[in-house]
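Below is one structure, written out as structure tokens, with a few remarks after it.
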Amino acid sequence: MHRIVTRVAPKSRGDFLLKWLMFEVAINLVNVTVERTVRPEAGFDPYSQVLVTVIVSAPFVVFALSVMSHQYQLQRRLADMAATDILTGLSNRGDFLEKASLASVNGQGGALLLVDADHFKRINDTYGHAVGDLCLQAIAERMRKLVRSGDIVGRFGGEEFAVFLPKATPDMARAVGERICEGVRIAVPKEGTEVQITLSVGATPVRAADSIEKMLTLADAALYRAKEMGRARIEFASIEGRAVF
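According to the working numbering, the residues represented by the sequence shown are 69 to 313, in order.
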């Protein structure tokens, strides 16, 4: 049923009109064929027959196409909700992995960055989870602004994010990572103060044949090193036999 709705449902007003005409033509062809087969001896006025058929069938066709269009829009909204992190509007983990894998294959690789907010628990403990949520939203917005239109940004949960940069050069990956590390600064409501939160980044090059999930393990190890070495910095995975940024 999902495939039928996806194929048949009108996607625009022009598409609605086109499909209405197609259904009307099909209905009239069937009607004429049946009429000629069942009553070959009866007189036949094609113009009257078509007019009557259109008048009778048009409301039902319009209704059916309207229902399918509504169902299609509902399916799309549900699909978007299932693929989106509600708090930040970024791709969730599953959607990120799917999009990054496809982009890697199509773009012949790129760079994968795993990002984590520094001392985020301290923010929640000091100012509360509402302020923590504001920080996460601000981080997501900044990351959107730092990447290109074809790059992919996702939230994995908690304060952890990921970025995939298709066809990224070493300099590009490092530049994006370093700017992400600067973090964000937000005003705390009703407190009269600001919170600054930095980010640590673990990065790894990715080839088209690489599994994004496996490369996440390498990026995670690099992220752990960045945390150990003082935070608010980017570290790159060391991969034997492969150029490292």
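Yeah, the Cβ is synthetic: ideal placement off N, Cα and C, and Gly gets one too.
No experiment lies behind these values; they were computed from the predicted model shown.
For the 8 angstroms CB-CB criterion, Ser172 and Ala276 form a contact.
The bridge partners DSSP lists for Thr261 are Val256. The way I'd put it, the stretch 209-222 does touch the stretch 231-245; three or more beta-carbon pairs between them come closer than 8 angstroms.
Counting only the Cα atoms, Ala132 lies some 14 angstroms from Ile95.
Per the coordinates, the alpha-carbon of Arg81 lies some 20 angstroms from the alpha-carbon of Val122. The alpha-carbon of Lys213 is positioned some 11 angstroms away from that of Arg247. If you ignore the 5 residues before and after Arg161, its C-beta comes within less than 6 angstroms of the C-beta of Phe224, all in its own chain and listed in chain order.
Contact between the stretch 163-171 and the stretch 198-215 is not established, with fewer than three Cβ pairs separated by less than 8 angstroms.
Between the C-alpha atoms of Arg242 and Gln141 there is a straight-line separation of about 40 angstroms.
Burial state of Met283 is buried, judged by a 10 Å Cβ sphere holding 16 or more other Cβ atoms. Here DSSP, grouped into helix, strand and coil, assigns Asp184 to strand. Around Gly200, the same chain offers Ile191 and Asn192 as residues with beta carbons nearer than 6 angstroms, after the five sequence neighbours per side are excluded. DSSP places Thr105 in the helix class (H, G or I) of the three-state scheme. The alpha-carbon separation between Ala287 and Gln139 amounts to approximately 41 angstroms. Comparing C-alpha distances from Val76 to each of Ser116, Ser125 and Val135 shows the shortest one belongs to Val135.
Comparing alpha carbon positions, the residue from Asp278, Thr101, Thr152 and Val244 closest to Gln176 is Asp278. For Ala230, the uninterrupted beta strand (DSSP E) run begins and ends at Glu228 to Pro234, by DSSP. The three-state secondary structure of Glu303, taken from DSSP, is strand. Taken atom to atom, the span from the alpha-carbon of Asp184 to that of Glu296 is near 13 angstroms. DSSP places Ile123 within a helical segment (H, G or I) once states are collapsed to three.
A distance of 8 angstroms or more separates the beta carbons of Ala300 and Ala290.
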